[in-house]
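Peer 1:
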Amino acid sequence: MVTPVDKVRVRRRVIETPAPWLCSHPLPLALALSSILYKYTVIVNILNPRRYRERRQPHMTAPLHAAPPRAAEGLLSPAPAVPEPAWPAAAERQQALSALEQRYPGLWRAGQLGRAGGAAVCPTGYDALSAELPGGGWPAGGLTELLTTQGGAGEMRLLLPALRTLAGAGRRIALVAPPYLPNAMGLAAAGLPARQCYWVRAPAEAARAAQQADMLWAAEQVLRSQAFGGVLVWLPAARPEALRRLQVLAQAGDAVAWALRPAAALRESSPAVLRLLLAPLPGNMLSITFHKRRGPVRDTPLLLRLDGMAAATRAAAWPEPLAQPSQLSSDAVLDRGAPAAPAPGRPAAQLA
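Under this note's numbering, the residue at position 127 of the sequence shown is numbered 169, and the numbers go up by one with no gaps.
Here is the structure:
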């Protein structure tokens, strides 16, 4: 029986004494030499890792600007020449763009004023302003937002020619929640007959929020009826959702709708197709800044001279004076003013 100590001695003797078959057969010798060489390679790579990477990945050390192998070496075949795409001529591009504009009226070029999109426009009465508006006038079937720096900045005188044109065509004009009381005599003198102008106001005893809601509802009903040619609505405070409803209703009809708001609303978004800022200037002038329109951006404001009320009054049809003098006698009671002081024999009810 062999003890553990004898096993150790036997193992030691086997390792120390070379076997006779190790030298007679070449295969075990080659395996031993390859094992020694592998250990040497591992030690060298540990001591010099950069050299190991260069030997294992020679393509990584090639410069970035190295040329690919030539086709003559048989490694790569020459790539076929790809012809450059032929761009259409200028006339063909113009024709294609015109076809797109006709197919989609809502499209416009960034460097040109857009068209009215098939809808009619109302002339502004000012050539300089019409030249800056898409279609050459106030858009019918869309909402125009006028922002004023102060009340009475000249917005009514700016819109009088358009309102006069609509009234001359027999269309009705609606004034929804104006800040001031409309003067029927002044409107008639400006060419707007009182029978064609409708004034909508909120109850004075209602709360401010309720008044705003009522006026928005009234403006929506006026646009939905499609019985008015021009609609002016004053909205001191309105949310974009309310303006969106007005824009949709105006687009469904042919009325020219204006929403008059304070200049502070410029920070808010608006669905209106046209957005102008109005500021009064001395000398009967009005500064118009274009903040939104279908066309190129205009950085400088437009200075427009407004027609005074005297010119608008002269343009209206006034009745001619009587050609003959009055036939009433100078002693008639109608021509004689009643005395202000009491007189004997006259009751107090007849006093002026």
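Even for Gly, the Cβ is constructed at its ideal location relative to N, Cα and C.
1. Could you check whether the segment 206 to 221 touches the segment 252 to 266, counting it as contact only if at least three pairs of C-beta atoms, one from each stretch, sit closer than 8 Å?
2. Looking only at its chain, what residues have a beta carbon closer than 7 Å to the beta carbon of isoleucine 78, apart from the 5 residues adjacent to it on each side?
3. To the nearest angstrom, how far is the alpha carbon of leucine 71 from that of lysine 81?
4. Are the beta-carbon atoms of alanine 305 and leucine 319 separated by less than 8 Å?
5. Closest by CA to threonine 166, which one among Pro203, Val298, Arg281, Glu283?
6. For the segment 161 to 215, which segments carrying the beta strand (DSSP E) assignment without a break, of at least 3 residues, lie completely within its bounds, in sequence order?
7. Using CA coordinates, which residue listed in Ser267, Pro338, Leu277, Ala297 is at the minimum distance from leucine 205?
8. Return helix, strand or coil for serine 267, following the three-state DSSP convention.
9. Look at the Cβ atom of histidine 333, then the Cβ atom of leucine 302, and state whether they are nearer than 8 Å.
10. From the DSSP secondary-structure annotation, give me the bridge partner or partners of valine 275.
11. For glutamine 268, is the classification buried or exposed, using 16 other Cβ atoms within 10 angstroms of its Cβ as the cut-off for buried?
12. Quick check on arginine 317: does DSSP put it in helix, strand or coil?
13. Check whether the Cβ atoms of asparagine 326 and leucine 344 sit closer than 8 Å, and answer yes or no.
14. Cα separation between valine 242 and valine 275?
15. Just to confirm before moving on: does the CB-CB distance between glycine 179 and arginine 214 stay below 8 Å?
Peer 2: On the basis of the coordinates in this document:
1. yes
2. As a first step, residue 78 is located in the sequence shown; it is residue number 36 there, counting from the start. None.
3. Along the sequence shown, read from residue 1 onward, the residue named residue 71 stands at position 29. Along the sequence shown, read from residue 1 onward, the residue named residue 81 stands at position 39. About 16 Å.
4. Here residue 305 is taken as the residue at index 263 of the sequence shown, counted from 1. Here residue 319 is taken as the residue at index 277 of the sequence shown, counted from 1. A contact, by the Cβ cut-off of 8 Å.
5. Locating residue 166 in the sequence shown gives position 124, counting from the first residue. Checking every option, the nearest Cα to that of threonine 166 belongs to Pro203.
6. 184 to 190
7. If you number the sequence shown from 1, residue 205 lands on position 163. Considering only alpha carbons, the answer is Ala297.
8. Position 225 of the sequence shown, counted from the first residue, corresponds to residue 267. Serine 267: helix per DSSP, three-state reduction.
9. By 1-based counting over the sequence shown, the position of residue 333 is 291. By 1-based counting over the sequence shown, the position of residue 302 is 260. No, these two residues do not count as a Cβ contact at 8 Å.
10. For the purposes of this step, residue 275 is taken as the residue at position 233 of the sequence shown. Valine 275 is bridged to Val218, Ala301.
11. Residue mapping note: residue 268 aligns to position 226 of the sequence shown, counting from 1. Burial call: exposed.
12. In the sequence shown, counting from the first residue as 1, residue 317 sits at position 275. In the structure shown, arginine 317 sits in a strand (DSSP, three-state: E or B).
13. Working through the sequence shown from its first residue, we reach residue 326 at position 284. Working through the sequence shown from its first residue, we reach residue 344 at position 302. Cβ distance not < 8 Å, so asparagine 326 and leucine 344 don't count as in contact.
14. Residue mapping note: residue 242 aligns to position 200 of the sequence shown, counting from 1. Residue mapping note: residue 275 aligns to position 233 of the sequence shown, counting from 1. If I take the Cα positions, the gap works out to 9 Å.
15. Taking the sequence shown and counting its residues from 1, one reaches residue 179 at position 137. Taking the sequence shown and counting its residues from 1, one reaches residue 214 at position 172. Contact: no.
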